[in-house]
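Working notes, structure below.
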Amino acid sequence: MAKMIEIVELEDIFNGLVKSACFGLILSLVGCYKGFHTTGGAQGVGKATTQAVVIASVSILISDYFLTAAMF
Numbered sequence: 044m045a046k047m048i049e050i051v052e053l054e055d056i057f058n059g060l061v062k063s064a065c066f067g068l069i070l071s072l073v074g075c076y077k078g079f080h081t082t083g084g085a086q087g088v089g090k091a092t093t094q095a096v097v098i099a100s101v102s103i104l105i106s107d108y109f110l111t112a113a114m115f
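Per this note's numbering, the very first residue in the sequence shown carries number 44; after that it's consecutive.
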C-alpha cells in the first residue's frame, strides 16, 4: 500500500476521472439517441439496445486510445 502511494500521482487520478466522465458521456449520448429513435415495438427495442451497446463499446475503445495518447 505504501508503494502505491509513492507511485500514483494526482495527475493519474485526475486523468482517470476525466476519462471516466468522457466514457459516461459517450454511453449516455449513444443510449439516449438510440432509445429516442427506436421503432418497431419490442423487437425494435431489442435491436436498438444491441446497436447501442456495440456503438458505445467501439466508441469508448476508440476514445480511450486517443485520450490516453493525449494525456501521456
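Even for Gly, the Cβ is constructed at its ideal location relative to N, Cα and C.
When the Cα atoms are used, SER106 and ALA91 turn out to be separated by approximately 22 angstroms. Per the C-alpha coordinates, the member of LEU70, GLU52 and ALA113 positioned closest to ALA99 is LEU70. Exclusion of the five residues before and after LYS77 leaves ALA91, GLN94 and ALA95 as the residues of its chain whose Cβ lies within less than 7 angstroms of its Cβ. Look at VAL73 here: in three-state DSSP terms it is helix. Straight across, the Cα-Cα distance linking PHE66 with ALA45 is about 30 angstroms.
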